[in-house]
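Residue numbers (my numbering), protein chains in the order written: chain A, 2 to 199; chain B, 85 to 317.
So this is what it looks like as structure tokens:
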């Protein structure tokens, strides 16, 4: 049983659903991933007790929905999708419950003079293209990842710190501060160029 | 641009878009099988780069020294067998293999869900249960909506689902219980962010149905699924 790949174990479990052989194959399959799911949930929660509960929910969900696994990806990737979405949803639900800090931090890019920034005159698609360009050009790889996970995925900074294994004293917060500063600078440069060109 | 628009503007720029890579494509990149298009996309897309980093950390599963003990403890807890049968009762042979704790959890979950559903039916007999595609009932060939589903504490910010193999795009709809369409969108990835006008339909106590259809390149439905969601009063 141990020599079989994950996908072969699933195939074997489907030969005779409900049989002892099927249960054995599924037991082997899921046990292989206990540590993987445990680690993921630990990084998401930062708390072993909550991580154990979350890991159990993830595995239960994967078990219940195993028939939707069609082999388009490896089982590990499929399990990643389940783990990821389950933990994000759990995080969002907890955030809604505790009224997560209102994050208007992105307003930091407003023009400090209080004037209408030049990019406000662009249409929506060009604004997004411009923001994308600033993110790509101004930030280093870690800052980009932290910025994306925090602002696009709404992942709390302490979760990002654990997920990325950031070992500096203030973790992801330092990267956000640095990213904001660099984006402010990129915006200032772009506005200066744009205004002088007009 | 007001502060809220500005926040939305930045998060939109960093968020996964329609052209972003699906999990199978990210897996290909992780294993060095990615094609030129996927590699080019990755270079320019912070959302896919971040997602690939997370997938990579999940696949490699390398706890750091300060995580090892906790991971071992959680895994051991998941692996721990269920309590032995009461003395004097003979376990049947087919139960001789250990039942992991999470499988016991599954049984408990199913029992609780069944009871909760029954209680809900008792309380609200007028609400018909749509058994054709509720995400809690997974059928072979169905598409499972991961969120939102069931009772919510607040209007959802996105709809997400399990990717369907071979899907070219997804059609997403929000309907009232009488099938009135209130919002629809298309997505090429496994989730779609809900704009404020869509979130506004999620008022307390109002049940909405979410439908997602996976379509192939020719627009044929490969899989479909639905869920119901209601914001708690």
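Backbone N, C-alpha and C fix where the C-beta goes; we use that ideal spot for every residue, glycine too.
Check, Outcome
"Where residue 123/B and residue 264/B are concerned, what is the direct C-alpha to C-alpha distance, given to the nearest angstrom?", "42 Å"
"According to DSSP, is residue 170/A helix, strand or coil?", "coil"
"So, are the CB atoms of residue 37/A and residue 286/B less than 8 Å apart?", "no"
"What does residue 6/A reach in chain B if we use C-beta pairs closer than 8 Å?", "The contacting residues do not exist; residue 6/A stays about 14 Å from chain B at best."
"Using a Cβ cut-off of 9 Å, which residues of the stretch 240-260 of chain B contact any Cβ in chain A, in chain order?", "240, 241, 242, 244, 245, 246, 247, 248, 249, 250"
"For the stretch 107-137 of chain B, list every residue whose C-beta sits within 8 Å of some C-beta in chain A, in sequence order.", "107, 108, 110, 111, 128, 130, 131, 133, 134, 137"
"Does DSSP classify residue 157/A as helix, strand or coil?", "coil"
"Give me the Cβ distance between residue 152/A and residue 277/B, rounded to the nearest whole Å; I'm assuming they're in contact under 8 Å.", "With a Cβ gap of about 13 Å, residue 152/A and residue 277/B do not count as contacting."
"For the stretch 298-305 of chain B and the stretch 239-254 of chain B, state whether three or more C-beta atom pairs, one from each stretch, are separated by less than 8 Å.", "yes"
"Using beta carbons (cut-off 8 Å, strictly below), is residue 229/B in contact with chain A?", "no"
"Please report the straight-line C-alpha distance between residue 178/B and residue 22/A, rounded to a whole angstrom.", "Low local confidence applies: a pLDDT of 28 at residue 178/B is under 50, so the model's placement there is unreliable, and no value is given."
"Any beta carbon of chain B sitting closer than 8 Å to that of residue 176/A?", "no"
"Residues of chain A with CB under 7 Å from residue 145/B, in chain order?", "36, 37, 40"
"Listed from N- to C-terminal order along the chain, which residues in the stretch 161-186 of chain A have their beta-carbon within a distance smaller than 7 Å of any beta-carbon of chain B?", "164, 166"
"At a CB distance below 8 Å, what residues from the stretch 285-313 of chain B approach chain A? Give them in sequence order.", "none"
"Between the stretch 11-32 of chain A and chain B, which residues of the former have CB atoms less than 8 Å from a CB of the latter, in chain order?", "21, 24, 25, 28, 31, 32"
"Check each candidate in 118/A, 65/A, 27/A, 157/A and name the one with the smallest Cα separation from residue 88/A.", "157/A"
"Contact criterion: CB-CB distance below 8 Å. Does residue 71/A meet it with respect to chain B?", "yes"
"If I'm right that residue 275/B touches residue 69/A with Cβ under 8 Å, what's the distance once you round it to whole angstroms?", "Not really, about 16 Å apart at Cβ, beyond 8 Å."
"Is DSSP giving residue 220/B helix, strand or coil here?", "Bear in mind that a pLDDT of 35 at residue 220/B, under 50, signals an unreliable position, so the number given afterwards is only what the model happens to contain. Note: residue 220/B maps to coil in three-state DSSP."
"Let's test the definition: count the other Cβ atoms within 10 Å of the Cβ of residue 152/B and tell me whether it reaches 16, buried, or not, exposed.", "exposed"
"For the alpha helix (DSSP H) holding residue 64/A, just list the boundary residues, first then last.", "49-65"
"Residues in its own chain within less than 7 Å of residue 120/A by CB, not counting five upstream and five downstream?", "128, 131"
"For residue 8/A, which option in 42/A, 71/A, 32/A has the closest C-alpha, if you only look at C-alpha atoms?", "71/A"
"Please list the terminal residues of the continuous alpha helix (DSSP H) segment that includes residue 267/B.", "No alpha helix (DSSP H) holds residue 267/B; the beta strand (DSSP E) holding it covers 265-271."
"Please list, in chain order, all residues of the same chain as residue 58/A whose beta carbon is under 7 Å from its beta carbon, the five residues on each side excluded.", "87"
"Report all residues from its chain with a CB closer than 6 Å to the CB of residue 206/B; omit the five preceding and five following residues, and keep chain order.", "Its pLDDT being 41, under 50, residue 206/B is placed unreliably in this model, and the value from its coordinates should be taken loosely. Here the set comprises nothing."
"So, does the CB of residue 90/A fall closer than 8 Å to a CB anywhere in chain B?", "yes"
"Between which two residues does the beta strand (DSSP E) harbouring residue 244/B extend?", "242-245"
"Are residue 307/B and residue 271/B touching if we call contact CB-CB under 8 Å?", "no"
"Whose CA, out of 190/A, 124/A, 143/A, 137/A, lies closest to the CA of residue 172/A?", "143/A"
"Can you tell which of 132/B, 314/B, 281/B has the C-alpha that lies nearest to the C-alpha of residue 288/B?", "314/B"
"Decide if residue 1/A is buried, meaning its Cβ has at least 16 other Cβ atoms within 10 Å, or exposed.", "Residue 1/A falls outside the range modelled here, since chain A spans only 2 to 199, and no answer is possible."
"Tell me whether the beta-carbon of residue 139/B lies closer than 8 Å to the beta-carbon of residue 78/A.", "yes"
"Comparing the C-beta of residue 52/A with each C-beta of chain B, is any distance below 8 Å?", "yes"
"I believe residue 105/B touches residue 132/B by the beta-carbon criterion, under 8 Å. Please report the beta-carbon distance rounded to the nearest angstrom.", "5 Å"
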